[in-house]
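**Student:**
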Amino acid sequence: MTKKAFITGINGQDGYYLAELLLSKNYHVFGITRNTALVSDKIEYLIGDLTDAASIQAAIDYAKPDEIYNLASQSHAHKSWHQSLDTAEVNAMGAHRLFDMAFKVNPDCKIFQASSMQMFGDANQSLQNEASPFNPNNPYAISKLYAHNIAKSYRNNYHRFISCGILYNHESPKRGMHFITQKVAYAAACLKHGIKQSCLLNEQGEPIVNHGKLLLGNLDAIRDWGHAADFVKAMWLMLQHNIPDDFIIATGINHSIRDLCEAAFTHVGLDWKKYIEIDQRFIRAQEITAIADISKIKNVLSWTPHVTFHQLISSMVDFHLSAIKSGHVLC
Ligand code: NDP
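Put into structure tokens, the structure is as follows:
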């Protein structure tokens, strides 16, 4: 029998790759969207907003899904300081609402919740695993921890199948343009094409490439960057496992912003040092220092990431190179 999957946040980066994966496995895919204009012959779009209970109830009643992937989120940590109530409403209460409705319609439904490594916050451990303490320090991370804990409570107290992926950074050409990987990839492509003033703007409303320079914060800051296509495979595997559980999803390898600049600019044959300038406005007060321990997901689900850091960054730069060349640059 064809399995039915219900994806919230289908228009985001992970929603795109997950839908592709599930379609390749012959799922009937329902995508929840706030955009009324979307039509597709592969995906059945249903109008829904996690802040609107009636729309989510109607979508679940109609789809009667076997699997739900809750990817919808106000997903930008920095932005969450300016939109803290909206962030909580979508990420915390929206997720809770979804779980409650889904299990009322079908107690046997399996749910994946997209949790975040930001929940660890200031946790002072050099290696982070599923047992590491949470100490979230921004509204995004706090809202994600609420959803993570309520998911755990449905699992432990009501024996529902709900699994949380504690996701580290994952990128692709579909990543939002306000994330640093995209800015660096885009800047390398612009500068390769001789564009010194880009049409895409940063969060300050200034061109990402301004007077031939890209402004960044702390180049020594580190991140664990994986490819979204690898990560959605892990999400799917978690729901095929016989018991619900939490798993860290990461590569287990950290790279600095400096490494990122070097990878992107070297890919187009440019010396990054000539184009990057430090701007104090982009320096963050708190930075990550820990390494993700991915031994649990490797051992239990036999999952490992396949796309390397350099392949990931090159693919993002290539995407922008061809978008600029063909004139398909969204401004
Ligand atoms: P994106 O920001 O690309 O996508 C988020 C999606 O959520 C968008 O499609 C957006 O829809 C949708 N959305 C936002 N608000 C609502 C709402 N009120 N009701 C319904 N849908 C809504 O995120 P990613 O694909 O990158 O990430 C997927 C999940 O993984 C998110 O929950 C994110 O927080 C989490 N995560 C991601 C990480 C990463 O590195 N990518 C790291 C850690 C966690 P619209 O298009 O209408 O705006």
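If you read the sequence shown in the working numbering, its first letter stands for residue 1209, the second for the next number, and so on. Using N, Cα and C, we set each Cβ at its ideal position, and we do this for glycine too. These numbers were taken from a predicted model, which means no experiment stands behind them.
#1: Does the segment 1404 to 1424 come close enough to the segment 1387 to 1395 that 3 or more CB-CB pairs lie under 8 Å?
#2: Under the rule that 16 or more other beta-carbon atoms within 10 Å means buried, what is R1492, buried or exposed?
#3: Counting only runs of 3+ residues fully inside the segment 1297 to 1324, write out the beta strand (DSSP E) ranges in chain order.
#4: If you scan the segment 1261 to 1289 from start to end, which runs of the alpha helix (DSSP H) of 4 or more residues do you find wholly inside it?
#5: Within 6 Å: the Cβ of S1510 and any heavy atom of the ligand NDP?
#6: Given that a residue counts as buried once 16 or more other Cβ atoms are within 10 Å of its Cβ, and exposed if not, what is I1486?
#7: Identify the continuous alpha helix (DSSP H) that holds S1292 and give its terminal residues.
#8: Taking the alpha-carbon positions, what's the K1382 to G1220 distance?
#9: How is the beta strand (DSSP E) around G1239 delimited, first residue to last?
#10: Let's see if you can read the secondary structure: which residues bound the alpha helix (DSSP H) around L1408?
#11: Given a cut-off of 7 Å, decide if A1261 and R1305 are closer than it, judged by their beta-carbon atoms.
#12: If you pair each beta-carbon of the segment 1364 to 1380 with each one of the segment 1321 to 1333, do three or more pairs fall below 8 Å?
#13: In the structure shown, what three-state DSSP assignment does P1415 receive?
#14: Determine, using beta carbons only, whether A1285 and Y1348 come nearer to each other than 7 Å.
#15: Quick one: is the Cβ of D1222 within less than 6 Å of any heavy atom of the ligand NDP?
#16: Is the segment 1286 to 1301 touching the segment 1226 to 1244, taking contact as three or more C-beta pairs under 8 Å?
#17: Among residues of its own chain, excluding the 5 on either side of L1258, which ones have a beta-carbon nearer than 6 Å to its beta-carbon?
#18: Give, in chain order, every unbroken run of the beta strand (DSSP E) that is at least 3 residues long and sits entirely within the segment 1370 to 1456.
#19: Grab me the residues of G1402's own chain with a C-beta within less than 7 Å of its C-beta, minus the 5 sequence neighbours each way, in chain order.
#20: Between R1492 and chain D, is any beta-carbon pair separated by less than 7 Å?
#21: Considering just the uninterrupted stretch of the beta strand (DSSP E) at I1461, what are its terminal residues?
#22: What did DSSP end up calling L1478 once you bin it into helix, strand or coil?
#23: Straight-line CA distance for I1532 to G1217?
#24: Can R1492 be considered in contact with the ligand NDP, in the sense that its beta carbon sits closer than 6 Å to one or more heavy atoms?
#25: Taking its Cβ as the centre, do 16 or more other Cβ atoms sit within 10 Å of P1344, making it buried, or is it exposed?
#26: Which whole-angstrom value describes the C-beta separation of Q1371 and D1454, a residue pair presumed to lie in contact below a C-beta threshold of 8 Å?
#27: Does at least one heavy atom of the ligand NDP sit under 6 Å from the Cβ of D1257?
#28: Under 6 Å: does the beta carbon of N1337 sit that close to some heavy atom of the ligand NDP?
#29: Since E1228 is in the alpha helix (DSSP H), which residue starts that stretch and which ends it?
#30: With three or more C-beta pairs closer than 8 Å as the rule, is the segment 1310 to 1322 touching the segment 1473 to 1486?
#31: Starting from F1214, trace the alpha helix (DSSP H) both ways and give me its first and last residue.
#32: Pairing CB atoms from the segment 1440 to 1459 with CB atoms from the segment 1236 to 1244, are three or more of them under 8 Å?
#33: Is the Cβ-Cβ distance between I1358 and M1309 less than 7 Å?
#34: Could you tell me whether any non-hydrogen atom of the ligand NDP is closer than 6 Å to the CB of L1229?
**Tutor:** Quick answer:
#1: Here the segment 1387 to 1395 makes contact with the segment 1404 to 1424; the two share three or more CB pairs at distances below 8 Å.
#2: exposed
#3: 1318 to 1324
#4: 1261 to 1271 and 1285 to 1288
#5: no
#6: Label assigned to I1486: exposed.
#7: S1292 to T1295
#8: 8 Å
#9: H1236 to T1241
#10: Unbroken run through L1408: none, as it is neither H nor E.
#11: yes
#12: As far as the Cβ criterion goes, the segment 1364 to 1380 touches the segment 1321 to 1333, which means the pair count is three or higher.
#13: strand
#14: yes
#15: yes
#16: With a cut-off of 8 Å, the segment 1226 to 1244 and the segment 1286 to 1301 do not count as touching, because too few Cβ pairs lie within range.
#17: A1280, V1298 and G1302
#18: 1421 to 1424
#19: Beyond the five residues adjoining it in sequence on each side, G1402 comes within less than 7 Å, by CB distance, of no other residue in the same chain.
#20: No chain D is part of this structure, which consists of one protein chain only.
#21: Segment: none, I1461 is in no beta strand (DSSP E) and carries neither H nor E.
#22: In this structure, L1478 counts as coil in the three-state DSSP scheme.
#23: 27 Å
#24: no
#25: P1344 is buried by the Cβ-count criterion.
#26: The residue asked about is misnamed: residue 1371 is Ser in this sequence, not Gln. Sure, about 7 Å apart at Cβ, within 8 Å.
#27: yes
#28: no
#29: Q1221 to S1232
#30: no
#31: No alpha helix (DSSP H) contains F1214, which is instead part of the beta strand (DSSP E) from K1212 to T1216.
#32: no
#33: no
#34: no
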